[in-house]
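A short worksheet on the structure shown next.
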Amino acid sequence: MTTNSVTISRTNAFGGFDMLESSVRRFEYAPHRHAEVVIAAYTAGRKLASCGKQKFGIMPGDLLVIGPETLHAAETVDDIGWHYHSIYLTVDQIAEATGFDLSTVDRRIGGHRLHTGKAAGFRLREALENPLDLTELLVEIFSETHAQHAASLVSLPFFAPASISIVHDRLADDPATTPTLAQLAALAGISPEHLSRRFRAVYGLSPFQFLSVTRARLAKDMMAKGIPIGYTAQAAGFADQSHLTRWFKRVYGVTPGAFSRHQMRSRRS
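Under numbering that gives the first Met the number 0, the first residue of the sequence shown is numbered 0, with each subsequent residue one higher.
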């Protein structure tokens with residue numbers, strides 16, 4: 000792998016969902032979360048991933064399922080690079096496609112699951128060509144047996160103290176404005192030092208890393224609605240368009256321009 004290539008597209012299957020193909024030699028995703036379930040299939044290279052507080056390697060043939068709002072990050076290893084396909088489905092879409100009820104899908108997703116030794120990673124690309132094949136693969140992934148096979152990597156739920164969750168909610172509800180650390184500490188009723196340490200212990204990010212990731216998601220949602228990039232950057236709280244570009248690529252692997260063009264093509268089709 001000598002060049003980096005990341006493309007995003009959208010299919011109308013199951014009511015519509017995004018797909019990403021990444022073939023890179025060197026790259027590092029910043030810690031972030033998705034609103035959807037991420038299903039990523041690896042066909043070449045190696046990857047060092049972290050989900051919650053767990054770190055693990057990923058090899059060709061592996062398939063990783065990451066639950067909604069699960070903090071995760073990844074990086075390439077020793078210039079080997081990686082090649083993978085990922086899709087982004089809601090829990091409702093998975094339940095409707097598989098026939099499993101919502102609670103069953105939630106339970107079998109857990110925080111994240113790594114499926115190894117089944118070559119499922121090689122099957123996803125082919126399955127994307129046919130909704131029926133994809134349905135069969137999803138049924139297999141979320142079957143009780145397959146879920147038990149990957150259960151050793153399920154993330155445990157965390158508890159956020161009220162003093163920390165109030166800061167989280169403040170940043171999540173109004174990401175476009177930038178409070179000072181002192182203001183957030185006053186809101187929590189603790190010192191800035193304690194706030195930074197406790198917030199990171201609960202959410203895996205500093206308050207301002209969390210704010211930047213939240214802004215990137217807000218920008219993604221705005222551009223998906225056709226809102227211009229320049230306006231989006233300002234409305235989401237970024238200093239300028241280049242600031243948005245840096246964070247958007249760190250989180251989603253593509254530039255805002257590439258994502259916006261993808262969304263425009265999807266609306267026309």
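Note that CB positions come from ideal geometry on N, CA and C, so glycine has one too.
Check                                                                                                                                                                            : Outcome
Compare the beta carbon distance of Y83 and S21 with 8 angstroms and say whether it is the shorter of the two.                                                                   : yes
How many Å lie between D100 and A218 at the Cα?                                                                                                                                  : 32 angstroms
On the three-state DSSP scale, how would you describe R24?                                                                                                                       : coil
Considering just the uninterrupted stretch of the beta strand (DSSP E) at H71, what are its terminal residues?                                                                   : H71 to T75
Using a Cβ-Cβ cutoff of less than 8 angstroms, which residues in the same chain neighbour P30 once the five nearest sequence positions on both sides are dropped?                : S49, L70, H71, A72, G203, L204, Q208 and V212
Please confirm whether any heavy atom of the ligand FAD lies closer than 7 angstroms to the CB of G256.                                                                          : You won't find the ligand FAD in this model; it holds no ligand whatsoever.
Measure how close the beta-carbons of V36 and I65 come, nearest whole angstrom, since I'm counting them as under 8 angstroms.                                                    : 7 angstroms
Identify every run of the alpha helix (DSSP H) within the region 79–104, keeping only runs that are complete inside it and at least 4 residues long; order them along the chain. : 90–97
Given this structure, state the Cα-to-Cα distance separating A119 from D78, to the nearest angstrom.                                                                             : 24 angstroms
As a quick exercise: from R106, R107 and E139, pick the residue whose alpha carbon is nearest that of R122.                                                                      : E139
Using C-beta distances below 7 angstroms, list every residue in its chain close to I163, excluding the 5 sequence neighbours before and after it, in chain order.                : A187, R197, F198 and V201
Let me make sure I understand the geometry here. Which of E68, E125, R249 and L131 has the alpha-carbon closest to that of T97?                                                  : L131
Which of the three DSSP states, helix, strand or coil, is assigned to D239?                                                                                                      : coil
Can you tell me which of the three DSSP states P30 falls into?                                                                                                                   : strand
Residues in the same chain with beta-carbon distance under 6 angstroms from A126, minus the five sequence neighbours each way, listed in chain order, please.                    : D132, L133 and L136
Since D17 sits in a beta bridge, which residues does DSSP pair it with?                                                                                                          : R9 and Y87
Which whole-angstrom value describes the C-beta separation of L47 and E74, a residue pair presumed to lie in contact below a C-beta threshold of 8 angstroms?                    : 5 angstroms
Start and end of the beta strand (DSSP E) containing V64?                                                                                                                        : L62 to I65
In terms of alpha-carbon separation, which member of V23, P160, R112 and A232 lies closest to Q53?                                                                               : R112
Do you know offhand how far A94's Cα is from L62's?                                                                                                                              : 19 angstroms
Please classify T177: is it buried, with 16 or more other beta-carbons within 10 angstroms of its beta-carbon, or exposed?                                                       : exposed
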